[in-house]
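Numbering (the working numbering), first residue to last: 50 to 129.
See below for the structure under consideration.
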Amino acid sequence: MTVQKPDPSTLDLSDVEWQVPSFDSGGGGNCMRFARKGRWILVGDTENPDGDPLVFSQQEFEAAILGAKAGEFDHLAGLG
């Protein structure tokens with residue numbers, strides 16, 4: 050059974066606790082931020098805090114994290 054993702058513009062984000070990576074590039078406030086809202090993982094942009102976040106299932110987010118840990122995206126960051 051596929052669960053429909055919520056429309057990000059309809060989410061109440063007032064109670065969301067955003068986290069930013071400790072590897073923030075220079076501390077200038079330009080980085081991705083992450084949060085959980087119910088069963089969903091949210092990805093936002095610190096430069097656009099009022100913008101709609103991207104919404105992912107836990108399984109989608111887990112796949113991305115595991116891929117990043119395995120180095121699959123190093124070339125996108127200029128690391129390999």
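The C-beta atom is built at its ideal place from N, Cα and C for all residues, glycine as well.
These numbers were taken from a predicted model, which means no experiment stands behind them.
For residue i, the nearest candidate out of the options (CA to CA)
| i | options | result |
| --- | --- | --- |
| Ser94 | Leu125, Asn79, Pro70 | The amino acid at residue 94 is misidentified as Ser; the sequence shows Asp. Answer by Cα proximity: Asn79. |
| Glu66 | Leu115, Val52, Arg82 | Arg82 |
| Leu62 | Arg85, Pro70, Ser71, Lys54 | Arg85 |
Residues near residue i in its chain [Cβ-Cβ closer than 6 Å; skip 5 each side]
| i | result |
| --- | --- |
| Phe105 | Ile90 |
| Lys54 | Val104 |
Neighbourhood of residue i by C-beta distance below 7 Å, restricted to the same chain and skipping five residues each side
| i | result |
| --- | --- |
| Phe110 | Ile90 |
| Leu60 | Lys86 |
Under the three-state DSSP convention, the category residue i falls into
| i | result |
| --- | --- |
| Lys86 | strand |
| Asp94 | strand |
| Phe122 | coil |
| Phe72 | coil |
| Ser58 | helix |
| Leu103 | strand |
Residue i vs residue j beta-carbon contact at 7 Å
| i | j | result |
| --- | --- | --- |
| Pro57 | Pro102 | yes |
| Asp123 | Gly116 | no |
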